[in-house]
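Each remark here refers to the structure printed beneath this line.
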Amino acid sequence: MTIDGRTRTCGLIGNPVEHTLSPVIHNTLAERLGHNMVYVPFLVEEGRVSDAVKGAYALNLQGMNVTIPYKSEVIDSLKDIDTLAENIGAVNTLVRTEGGYKGYNTDMEGLYRAMDSEGIRIEGEDIILLGAGGAARAVAYLCASKGAGKVYLLNRTLQKARTVAEEVNRTTGAEVVIPMTLDEYTRLPERQFLAIQGTSVGLYPHVEDVVIEDRAFYQRIHTGFDLIYSPWETKFMRLVRENGGAAFNGLKMLLYQGIIAYELWNGVKVSEEDAMAVYEKMKAHFV
Ligand code: ATR
Numbered sequence: 210m211t212i213d214g215r216t217r218t219c220g221l222i223g224n225p226v227e228h229t230l231s232p233v234i235h236n237t238l239a240e241r242l243g244h245n246m247v248y249v250p251f252l253v254e255e256g257r258v259s260d261a262v263k264g265a266y267a268l269n270l271q272g273m274n275v276t277i278p279y280k281s282e283v284i285d286s287l288k289d290i291d292t293l294a295e296n297i298g299a300v301n302t303l304v305r306t307e308g309g310y311k312g313y314n315t316d317m318e319g320l321y322r323a324m325d326s327e328g329i330r331i332e333g334e335d336i337i338l339l340g341a342g343g344a345a346r347a348v349a350y351l352c353a354s355k356g357a358g359k360v361y362l363l364n365r366t367l368q369k370a371r372t373v374a375e376e377v378n379r380t381t382g383a384e385v386v387i388p389m390t391l392d393e394y395t396r397l398p399e400r401q402f403l404a405i406q407g408t409s410v411g412l413y414p415h416v417e418d419v420v421i422e423d424r425a426f427y428q429r430i431h432t433g434f435d436l437i438y439s440p441w442e443t444k445f446m447r448l449v450r451e452n453g454g455a456a457f458n459g460l461k462m463l464l465y466q467g468i469i470a471y472e473l474w475n476g477v478k479v480s481e482e483d484a485m486a487v488y489e490k491m492k493a494h495f496v
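Residue numbering for the sequence shown follows the numbering used here, beginning at 210 and increasing consecutively.
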């Protein structure tokens, strides 16, 4: 591509940013769709988020992604915030508007699209969700707002699961999230579940870690979705597969959160063909 006086810049702020795959997503899309845009990662030191957002706006950046650890902190620097992002309490995408940036959360819609592309439904499903941290909280919110049956929220610390369940049930007005401890899976109703792994357990290099080891747990899972994508197959996924279920990693969630951000910045709709071409490029980093 040629950078010239009309090139628009988008970027990523976070710390660290060295291993991000987001430039692969956005620069591949820009090239395929013929947009004069580049996407660059920016390392932002602790305490400098508001400076970074102001600077980005002053430099005429069209949009930004926000990653760990700034997804909540960045909210104070926004001109406006989308309702979904506000309810989740986390923003991963900034879109330039008159006078400042508007914040969105495309992670959750990204997860929804990723699951949809694998034929996984949330509507009417009874779901086991592992974890009650920032990521799992957002997933609980997504499930409750997309019409899940029940969401059994299993967490090591029961109090955290309770807090998330109360909050999500209150905001969505759907009394579907049920807090439990990890070993209470033995008390789940006798049926098969969709399970979403929303903790950081099993993330590279701790590839032999998993939140629940017991095979009896995995025998209750027809489909397992891990938000982690490094390693390519987590131990959670392996145990789901060994016990007869289908398992997916989080790379398509990363793909679609990026695609939705790209659509917001450029006012276009990305085709499935282009999405899959990007996915193949991302996959090449793993397998
Ligand atoms: P994130 O924002 O990525 O979700 P987080 O807010 O630190 O990260 O949440 C981490 C999640 O992983 C929590 O649900 C945590 O359980 P606790 O609430 O009990 O802390 C879970 N987690 C982390 N290490 C764990 C471990 N060794 N066993 C079980 N759960 C663990």
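Glycine is no exception: its CB is placed at the ideal position from the N, C-alpha and C atoms.
Bear in mind that the values here come from a model prediction, so they are computed numbers and not experimental data.
- Put simply, the residues with a CB less than 6 Å from any heavy atom of ligand 1 are Gly340, Ala341, Gly342, Gly343, Ala344, Ala345, Asn364, Arg365, Thr366, Lys369, Thr408, Ser409, Val410 and Val420, in chain order.
- In the structure shown, the three-state DSSP call for Met210 is coil.
- Around the beta-carbon of Ser480, fewer than 16 other beta-carbon atoms lie within 10 Å, marking it exposed.
- Rounded to the nearest angstrom, the Cβ distance from Ile297 to Ile290 is 10 Å, too far for a contact under 8 Å.
- When rounded, the separation of the alpha-carbon atoms in Leu391 and Phe445 is 14 Å.
- Looking at Thr315, Glu422 and Ala349, the one whose alpha-carbon comes closest to that of Glu375 is Ala349.
- Per the C-alpha coordinates, the member of Val477, Val258, Ser409 and Phe402 positioned closest to Ala456 is Phe402.
- For Tyr321, the enclosing alpha helix (DSSP H) stretches over residues Thr315 to Ser326.
- Comparing alpha carbon positions, the residue from Ala404, Arg305, Ala239 and Met317 closest to Lys359 is Ala404.
- Residue state for Asp291 is assigned as coil, using DSSP reduced to three classes.
- Residue burial annotation: Ala344 is buried, with at least 16 other C-beta atoms found within 10 angstroms of its C-beta.
- The three-state reading of DSSP puts His415 in coil, since its state is none of H, G, I, E or B.
- Taking C-beta separations shorter than 7 Å and ignoring five residues to either side along the sequence, the partners of Ala294 in its chain run Val300, Gly312, Tyr313 and Asn314, following chain order.
- The distance from the Cβ of Gly220 to that of Val258 is about 13 Å, inconsistent with a contact at the 8 Å cut-off.
- Distance from the CA atom of Ser354 to the CA atom of Glu318, rounded to whole angstroms, is 11 Å.
- Leu268 and Leu242 have their alpha carbons spaced roughly 24 Å apart.
- For Ala456, the uninterrupted beta strand (DSSP E) run begins and ends at Ala455 to Phe457, by DSSP.
- Counting only runs of 4+ residues, the alpha helix (DSSP H) found wholly inside the region 256–306 occupies 258–267 and 292–297, in chain order.
- Here DSSP, grouped into helix, strand and coil, assigns Gln466 to helix.
- In this structure, Leu464 keeps its C-beta atom at 8 Å or more from the C-beta atom of Tyr427.
- Residue ranges of uninterrupted beta strand (DSSP E) with 3 or more members, entirely inside the region 322–362 and ordered along the chain, are 336–339.
- Counted as a single uninterrupted DSSP element, the alpha helix (DSSP H) harbouring Ile234 occupies residues Ser231 to Leu242.
- Exclusion of the five residues before and after Ile430 leaves Ile337, Gln401, Phe402, Leu403, Ala404, Val449, Asn452 and Gly454 as the residues of its chain whose Cβ lies within less than 8 Å of its Cβ.
- Look at Val385 here: in three-state DSSP terms it is coil, with no helix or strand label.
- Using a 10 angstroms sphere on the CB of Met210, the tally of other CB atoms stays under 16, which defines it as exposed.
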